[in-house]
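**Q**
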Amino acid sequence: MRRLGSLSLRQRLILGVAVLGAGALLVALLAIVIAQTSAADEQPLAFSHKTHAQNGIQCQFCHTGVAKGPVAGIPSVEKCMGCHTYIATDSPEIQKLQGYWERQEPIPWKRVNVQPSYVYFNHSSHIAAGVSCGSCHGAVAEMDVVEPVVNMNMGFCLDCHAEQENKDALWDCTVCHR
Ligand code: HEC
Ligand code: HEC
Ligand code: HEC
Ligand code: HEC
Ligand code: HEC
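So, in structure tokens, the structure goes:
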């Protein structure tokens, strides 16, 4: 094989383009693999919002903080066990749940929606104003795995604030950046 130094300029260019192309392909493939292994495989337990909604369990039964303050809150293992001491106890996923309970370990759920720390957000003021969970989270009751449906960037927040009567107050930078 010839050494790189003995290649003509044209050959070096072709080689360069080929290497770049292979790199780009690798990045694209990696992106696809990462996208497919998101949320579903990441959650420690196969908890389905759809199943629980179909059984008539309300959002606020589990997310008890949502109407009271900034944070909606994720239910504790104890809350799950309130039902799963009796319900579906022979399911392998419920046995996993019982393992957390016996070890008194919290379930390490992966966060789905995260705002940067310089953004102030408060659930309760939105719930009090009658904004539904779905406007920001999509149809969670139909999801087996919660995925972010809308990109909650600044434009998204401002678009809805623009439709409110007190638009000017709600567009003030210090409302969300305190
Ligand atoms: C039986 C309890 C339970 C009920 C009922 C429930 N949830 Fe959840 N919710 C959870 C648990 C546990 C998680 C964390 C695991 C996950 O993300 O799936 C969660 C996560 C979420 C998340 C993602 C949180 C994040 O990390 O950003 C959203 C959004 C959400 N729930 C909305 C809803 C809505 C809307 C409803 C009603 C339609 C609802 N939930 C009903 C237990 C519940
Ligand atoms: C108010 C009662 C209630 C609470 C609280 C509750 N569940 Fe459930 N869960 C149910 C019912 C009802 C089903 C459906 C059972 C069936 O169809 O056999 C279910 C099904 C499940 C299943 C599927 C079981 C299977 O068939 O393999 C899992 C996993 C599960 N729940 C996890 C959780 C977790 C984790 C929590 C806490 C975040 C939780 N549940 C809280 C009532 C509850
Ligand atoms: C106006 C938009 C909006 C509405 C309406 C909304 N959420 Fe959220 N939700 C968010 C944002 C933004 C975050 C991320 C907050 C953060 O990272 O600090 C979030 C995070 C969450 C989380 C995970 C973090 C936490 O606070 O515990 C849960 C669970 C959740 N929402 C449930 C709900 C439920 C249930 C409802 C309806 C009762 C609801 N949300 C309504 C925007 C909204
Ligand atoms: C679908 C409509 C809608 C969306 C989307 C929305 N908001 Fe709001 N927001 C409202 C309404 C309605 C109010 C209450 C107005 C009032 O009570 O005067 C409000 C009030 C607020 C307030 C002032 C009240 C308080 O809690 O201090 C803040 C801060 C806020 N929103 C932040 C956000 C952020 C951050 C986002 C994006 C992640 C967002 N909002 C997305 C409708 C929305
Ligand atoms: C209704 C809530 C809200 C208001 C009002 C608001 N912002 Fe933001 N801002 C956000 C959110 C949410 C983000 C972070 C999410 C994103 O955009 O990616 C953000 C991000 C930013 C960033 C970082 C952008 C970046 O790309 O890193 C800057 C800078 C900023 N805002 C400036 C402002 C200024 C200046 C104002 C007043 C003219 C303002 N914001 C008003 C919600 C708001």
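So in the working numbering the end of the sequence shown lands on 160, straight run, no missing numbers. No residue lacks a Cβ here, since even glycine has one placed at the ideal position from N, Cα and C.
(1) Val48 and Gln42 - do their beta-carbons sit closer together than 7 Å?
(2) Give a single yes or no on whether Val94 has its beta carbon closer than 6 Å to a heavy atom of ligand 5.
(3) I need the straight-line Cα distance from Leu79 to Cys155, nearest angstrom please.
(4) With a threshold of 6 Å on Cβ separation, who are the neighbours of Pro90 within its own chain once the five nearest residues in sequence on each side are excluded?
(5) With a CB to CB cut of under 6 Å and the five nearest residues on each side skipped, what residues in its chain are close to Ala151?
(6) Report buried or exposed for Ala111, applying the criterion of at least 16 other Cβ atoms within 10 angstroms of its Cβ.
(7) Taking the continuous alpha helix (DSSP H) assigned at Ser117, which residues delimit it?
(8) Taking the C-alpha atoms as reference points, what is the distance between Ala123 and His31?
(9) Could you check where the alpha helix (DSSP H) with Gly81 kicks off and where it finishes?
(10) Can you look up Ala111 in the DSSP assignment and give me helix, strand or coil?
(11) Is it buried or exposed, Ala54, if we count other Cβ atoms within 10 angstroms and call 16 or more buried?
(12) Is Phe29 near ligand 1 - that is, is its Cβ less than 6 Å away from at least one heavy atom of it?
(13) Which residues bound the alpha helix (DSSP H) around His143?
(14) Should Asn133 be counted as a contact of ligand 4 given a C-beta to heavy atom distance under 6 Å?
(15) For Ser159, count neighbouring C-beta atoms within 10 Å of its own C-beta (all shown protein chains included) and say buried if the count is 16 or more, exposed if not.
**A** Here's the rundown:
(1) Annotated as proximal: Gln42 and Val48, with beta-carbon spacing under 7 Å.
(2) The answer is no for Val94.
(3) Taking the CA atoms as reference points, Leu79 sits about 43 Å from Cys155.
(4) The residues are Pro26.
(5) Counting only Cβ-Cβ distances below 6 Å, and skipping sequence neighbours, we find nothing.
(6) Exposed is the label assigned to Ala111, since fewer than 16 other Cβ atoms lie within 10 Å of its Cβ.
(7) Residues 115 to 119.
(8) In a straight line, the C-alpha of Ala123 is about 6 Å away from that of His31.
(9) Per DSSP, Gly81 belongs to the alpha helix (DSSP H) from 74 to 85.
(10) When secondary structure is reduced to three states using DSSP, Ala111 falls in the coil class, being assigned neither helix nor strand.
(11) Label assigned to Ala54: buried.
(12) Phe29 Cβ: within cutoff of ligand 1.
(13) Run containing His143: 136 to 144, per the alpha helix (DSSP H) assignment.
(14) Within the chosen limit of 6 Å, ligand 4 does not reach the beta carbon of Asn133 with any heavy atom.
(15) In the sequence as presented, Ser is not what sits at residue 159; that position holds His. Burial is judged here by how many other beta carbons sit within 10 angstroms of a residue's own beta carbon; His159 has fewer than 16 and is exposed.
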